[in-house]
Amino acid sequence: MNDAPERSNGHGEPAIRLEGVSKSFGQLKVLDDVSLDVAEATCFCLLGRSGTGKSVTLKHIIGLLKPDRGRVFVHGTDVTGLERRELSDVRRSMGFLFQNAALFDSITVGENVAFPMRRHTDWDERKIRETAQAKLADVGLADDFNKMPSDLSGGMKKRAGLARAMALDPDILLVDEPSAGLDPITGDEIDELLVELKKKGTTLVMVTHNLPSARHVADELAMLHEGKLIARGTAEELDRSDNALVRTFMRSEGAG
Amino acid sequence: MTWALSFGSCALLGLPLARPLQNGWVVVDRTGALILSVLAWVGEVSLFGARALIEAFRPPYEFREIARQVFEIGWKSTPLVATAGLAVGVVLSMHTRASLERFGAETMIPAGLAIALVRETGPLITALLVAGRVGAGIGAELGAMKVTDQIDALEAVAVDSFKFLAVTRILACILALPLLTTIADICGIIGGYLAESAVSGMSWQLYFNRAFSLIEFSDFIPATLKTMVFGMIIGTIGCYLGFTTTQGTEGVGRTSTRSVVLSSILIIVANVVLVRLIFFLFPPAA
Chain R
898 MNDAPERSNG
908 HGEPAIRLEG
918 VSKSFGQLKV
928 LDDVSLDVAE
938 ATCFCLLGRS
948 GTGKSVTLKH
958 IIGLLKPDRG
968 RVFVHGTDVT
978 GLERRELSDV
988 RRSMGFLFQN
998 AALFDSITVG
1008 ENVAFPMRRH
1018 TDWDERKIRE
1028 TAQAKLADVG
1038 LADDFNKMPS
1048 DLSGGMKKRA
1058 GLARAMALDP
1068 DILLVDEPSA
1078 GLDPITGDEI
1088 DELLVELKKK
1098 GTTLVMVTHN
1108 LPSARHVADE
1118 LAMLHEGKLI
1128 ARGTAEELDR
1138 SDNALVRTFM
1148 RSEGAG
Chain X
2 MTWALSFGSC
12 ALLGLPLARP
22 LQNGWVVVDR
32 TGALILSVLA
42 WVGEVSLFGA
52 RALIEAFRPP
62 YEFREIARQV
72 FEIGWKSTPL
82 VATAGLAVGV
92 VLSMHTRASL
102 ERFGAETMIP
112 AGLAIALVRE
122 TGPLITALLV
132 AGRVGAGIGA
142 ELGAMKVTDQ
152 IDALEAVAVD
162 SFKFLAVTRI
172 LACILALPLL
182 TTIADICGII
192 GGYLAESAVS
202 GMSWQLYFNR
212 AFSLIEFSDF
222 IPATLKTMVF
232 GMIIGTIGCY
242 LGFTTTQGTE
252 GVGRTSTRSV
262 VLSSILIIVA
272 NVVLVRLIFF
282 LFPPAA
């Protein structure tokens, strides 16, 4: 078992729950008996040094990876044992911002954002275009609808990826380093956008190295180290952690 | 088995394996391992292709994406295939003339060329050209999508990436190859006519009549339909290698090259089997 305390957020049934999840790639153990839960309409932030399994945890939640051991629940449904079609239904309620944005590079930025709508709604072309345009405006890319992903900077790609993740107004949004590569002002705007989404009822799971951003957006933080969850709590609780590594990490405010 | 018996015998008798013999067993061991890994690979690719065929008949159907891929794979290959067909027709005509002239059988040139084109040259040349253009393209495109997480991104937006990317491309290859082969055949016959008319001044009508005097549907249909198998090979190899690409851009380059090489080899090998099968099923065409 990990050392992090099992605790409820006090918001009722968790939107996401991991029970004893372990994952290895070959000889490398990336996650080791990780358990956590994320309450509805809250933001849970995963911290940790590079290569400690943060992104792997997100991929388990959306079912891109299956754990070697343990179970992952989304809205009470165990996604680890789902058939492809059932998993697709669960995924429709989720948005995922990849670490490298992962925009489809053969279509425009606007079409990237419109893609989930075209696949999963019966909206007409006008509504799809207007909604995609609005999502791009939310992340400050209102004028970039017709640009190709290759024409965008790294930070702009990240924002376009976030717009695509928000396309269907998902109940759960998984964001992998949303502010990486962004200037401080744009980074703050993205943080505000995430806070707004949370207020509207979206459950957020965020991976970041940007501690100011984590402190601002997250209700609860957890730190992964060598595949284990070594600390969990509010930012203030982690600041006062008994674990020296956690305290050192929390003091590195310049990260991000 | 022999190795095991020999090794077992030596061990049983407490005899050390002689050094040359040990080296020999290492070669046998490695060859065996290589054969097993090749068989395992062939099995995986075959399952990949079979899964694509099964998924093609299961909803939801990706008609729009299939049409787009037929356009990308088929229509955009037309200039290449048509040009190659034309050139092959001209060259075949020149070679046929050089051979038949010795026997005073110049009148057979159009028919000989048409039969050679329709039965074998057209399908094989088309398949190899498409393997070069499309096989490399599919491998590189899907490989790049794999290493940049775009395939995972498709899954994350609840789209079956296998169906959306692999099934559509494999089906498009299967549909496009017979059409492209027909174009290559037609262009080859036109090329043959151009070469022949330049040398002998033969009219188009006479050339056409002679070209099709010996051709039957049993020559055209099986030979053209066999290219569906070539399309299946090109699509399956490209998609499989794309989906299993690792090691970044270097891996993408490797996938692209391997797609062309493996598709071409398998097309040539499959052609031998298919020609034999066609001769068995359609004896008059033999």
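Chains R and X supply the protein sequences, listed in that same order.
Taking this note's numbering, the leading residue of the first sequence gets 898, the next gets one more, and so forth.
Taking this note's numbering, the leading residue of the second sequence gets 2, the next gets one more, and so forth.
Each residue gets a CB set at the ideal place from its N, CA and C atoms; glycine is no exception.
My output table needs one value for residue i: the three-state DSSP class, helix, strand or coil.
| i | result |
| --- | --- |
| L1038/R | coil |
| A85/X | helix |
| E1123/R | coil |
| I959/R | coil |
| S1003/R | coil |
| M912/R | Note on identity: in this sequence residue 912/R is Ala, with Met being the wrong assignment. Correct three-state label for A912/R: strand. |
| R1016/R | helix |
| D30/X | helix |
| L13/X | Confidence is the limiting factor: at L13/X the pLDDT is only 41, short of 50, which leaves the residue's position unreliable, though a coordinate-based value still follows. Three-state result, L13/X: helix. |
| I268/X | helix |
| T245/X | coil |
| E217/X | coil |
| D1136/R | helix |
| T949/R | coil |
| Q1030/R | helix |
| S1149/R | coil |
| H1113/R | helix |
| F231/X | helix |
| D986/R | helix |
| E1022/R | helix |
| Q996/R | coil |
| S204/X | coil |
Would you mind sorting residue i into buried or exposed? The rule is 16 or more other CB atoms within 10 Å of its CB.
| i | result |
| --- | --- |
| R69/X | exposed |
| L181/X | buried |
| I1082/R | exposed |
| F58/X | exposed |
| E102/X | exposed |
| M253/X | A small fix is needed here, since residue 253/X is Val in this sequence, not Met. It counts as buried. |
| P911/R | buried |
| Y62/X | exposed |
| E197/X | buried |
| V29/X | exposed |
| L925/R | exposed |
| N210/X | exposed |
| Q151/X | buried |
| I235/X | buried |
| G978/R | exposed |
| A936/R | buried |
| L14/X | Its pLDDT being 43, under 50, L14/X is placed unreliably by the model, and nothing is read from it. |
| E1089/R | exposed |
| V131/X | buried |
| K164/X | buried |
| F218/X | exposed |
| T250/X | exposed |
| L37/X | exposed |
| P1075/R | buried |
Tell me residue i's beta-bridge partners as DSSP assigns them.
| i | result |
| --- | --- |
| M991/R | I1069/R |
| T974/R | V971/R |
| C940/R | L1101/R |
| F922/R | L925/R |
| G1130/R | L1118/R |
| L40/X | Beta-bridge pairing links L40/X to no other residue. |
| L933/R | L915/R |
| R966/R | S919/R |
Just confirm the distance between the C-beta atoms of residue i and residue j, as a whole number of angstroms; I'd bet it's less than 8 angstroms.
| i | j | result |
| --- | --- | --- |
| V1104/R | S952/R | 6 angstroms |
| G33/X | S94/X | Not confirmed; about 50 angstroms, so no contact. |
| A1119/R | L944/R | 7 angstroms |
| L114/X | A199/X | With a Cβ gap of about 14 angstroms, L114/X and A199/X do not count as contacting. |
| A999/R | A1057/R | With a Cβ gap of about 10 angstroms, A999/R and A1057/R do not count as contacting. |
| R1061/R | A159/X | Rounded, the Cβ-Cβ distance is 13 angstroms, inconsistent with contact. |
| S264/X | G138/X | No, S264/X and G138/X are not in contact; Cβ-Cβ is about 11 angstroms, not under 8 angstroms. |
| T949/R | H1122/R | 6 angstroms |
| I67/X | A173/X | 6 angstroms |
- Item | Secondary structure, beta strand (DSSP E): runs of 3+ residues fully inside the segment 1053-1096 of chain R | For the segment 1053-1096 of chain R, whole beta strand (DSSP E) runs of length 3 or above, ordered along the chain, are 1069-1073.
- Please specify which runs of the alpha helix (DSSP H), each continuous and at least 4 residues long, are wholly inside the segment 57-113 of chain X, giving them in chain order. 64-70, 79-101
- Item | Runs of alpha helix (DSSP H) lying entirely within the segment 128-199 of chain X, each at least 4 residues, in chain order | 137-148, 151-157
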